[in-house]
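Each remark here refers to the structure printed beneath this line.
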Amino acid sequence: MPTEQEAAGGSSPDSPFRVRGSVDDESALASLATCDLTLLGQMPWSSNGTFLVDLVPTIPGEDILQGVYKPGRGERPLSDFPTGLYRREAAAWELASHLGWGLIPPTVVRDGPLGEGSVQLYVPCDYREHYFTLCEDPTRADELRRLAVFDLLANNTDRKAGHVLAGDDGRIWAVDNALCFHHRFKIRTVIWDFSGQPIPAALLEDLTRLLDTDLPTSLSCLLDTFEADAVVARASALLADGELPVDPSGRRVPWPLL
1237 MPTEQEAAGG SSPDSPFRVR GSVDDESALA SLATCDLTLL GQMPWSSNGT
1287 FLVDLVPTIP GEDILQGVYK PGRGERPLSD FPTGLYRREA AAWELASHLG
1337 WGLIPPTVVR DGPLGEGSVQ LYVPCDYREH YFTLCEDPTR ADELRRLAVF
1387 DLLANNTDRK AGHVLAGDDG RIWAVDNALC FHHRFKIRTV IWDFSGQPIP
1437 AALLEDLTRL LDTDLPTSLS CLLDTFEADA VVARASALLA DGELPVDPSG
1487 RRVPWPLL
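Quick note, the sequence shown lines up with residues 1237 to 1494 if you use this note's numbering.
Dropping the structure here:
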């Protein structure tokens, strides 16, 4: 089985397609939703079935994008989350997109070779980097602070350092977002470096805009009623507090940290 780096090489050298590493969101979503999926290999170190795929266009000569496919049938049952974790991957994308925050690679729910699941745009990145290295770079602080706010809003229960990627495009990307959106507050994250700091005004404005309208159907249809209501409640709490919270217990972290 190939490693993630080896699998990311994509199609064979004699393929009539060219692998492309970056694309705008609209084009990516169209490819994710409609292209045939070719399994390249299983991603290493994943607790659930996770596969690198080529998104094969219908016309030879067009560029291939790559995706990360997480079929529902590859999920291990959890006692505190219902089945269908892949839908939460897509919900994370929908929330970040609605806020205009980036952070999450474009993600759709669709059928695939192993049944229905999520397919997320593969982001070429430097695998030597992760949250604990990126947080040492002061130029990354704004992006990481925004991610800290996002994870509180989405109620991420598993933000490991290795889920924060330094994309080859120069952006910070957050992946593995399946354990989000529980209606009970269950935050577990490695991102506590901004505790007690004010939430930037621009992010508060985005949260206000989120509260001024109903959640988009593209997001709410992926959650149950309690989960959708909890997103609104957490947005209200973040606005009321105006700053990133402190964990006095020191125990709200995932394991392993990386």
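C-beta: ideal position from N, C-alpha, C; glycine also.
Span separating the alpha-carbon of residue i from that of residue j
i, j, result
"arginine 1364", "alanine 1402", "9 Å"
"glutamate 1240", "glycine 1303", "Low confidence applies here, because glutamate 1240 scores a pLDDT of 40, under 50, leaving its location unreliable; read the following figure in that light. If you take the alpha carbons of glutamate 1240 and glycine 1303, they lie about 12 Å apart."
"leucine 1380", "leucine 1291", "30 Å"
"aspartate 1429", "tryptophan 1337", "20 Å"
"glycine 1486", "isoleucine 1427", "12 Å"
"leucine 1455", "threonine 1286", "23 Å"
"leucine 1439", "leucine 1446", "11 Å"
"leucine 1321", "leucine 1314", "10 Å"
One or two residues paired with residue i in a DSSP bridge
i, result
"leucine 1401", "Trp1409"
"glutamine 1278", "Phe1287"
"alanine 1434", "It should be noted that the sequence gives proline, not alanine, for residue 1434. DSSP lists Glu1479 as partners of proline 1434."
"isoleucine 1340", "The partner list for isoleucine 1340 (beta bridge, DSSP) is empty, contrary to what the question assumes."
"valine 1355", "Tyr1305 and Val1344"
"leucine 1273", "Leu1291"
"threonine 1425", "Arg1395"
For residue j and residue i, believed in contact at Cβ under 8 Å, the rounded distance
i, j, result
"arginine 1488", "arginine 1420", "Contact flag wrong, Cβ pair sits at about 13 Å."
"histidine 1366", "valine 1400", "6 Å"
"tryptophan 1409", "leucine 1339", "7 Å"
"alanine 1384", "leucine 1480", "6 Å"
"glycine 1398", "leucine 1350", "The pair is not a contact, with the Cβ atoms about 24 Å apart (cut-off 8 Å)."
"proline 1360", "aspartate 1387", "Going by Cβ atoms, the distance from proline 1360 to aspartate 1387 rounds to 23 Å, so no, they are not a contact pair."
Own chain partners of residue i with C-beta closer than 7 Å, once the 5 adjacent residues on each side are dropped
i, result
"valine 1482", "Ser1431 and Gly1432"
"leucine 1443", "Ala1471, Leu1474 and Leu1475"
"valine 1259", "Leu1301"
"arginine 1407", "Gly1338"
"leucine 1268", "Leu1291, Gly1303, Pro1342, Val1344, Val1355 and Leu1357"
Span of the alpha helix (DSSP H), counted from its first residue to its last, around residue i
i, result
"serine 1454", "1453 to 1456"
"tyrosine 1367", "1367 to 1370"
"histidine 1418", "Unbroken run through histidine 1418: none, as it is neither H nor E."
"serine 1333", "1322 to 1335"
"glutamate 1379", "1377 to 1390"
Short CB-CB distance (under 9 Å) between residue i and chain D
i, result
"valine 1304", "Looking for chain D here will not work: only one protein chain is present."
Own chain, CB closer than 6 Å to residue i, minus 5 neighbours either side, in chain order
i, result
"glutamate 1330", "Ser1454 and Leu1455"
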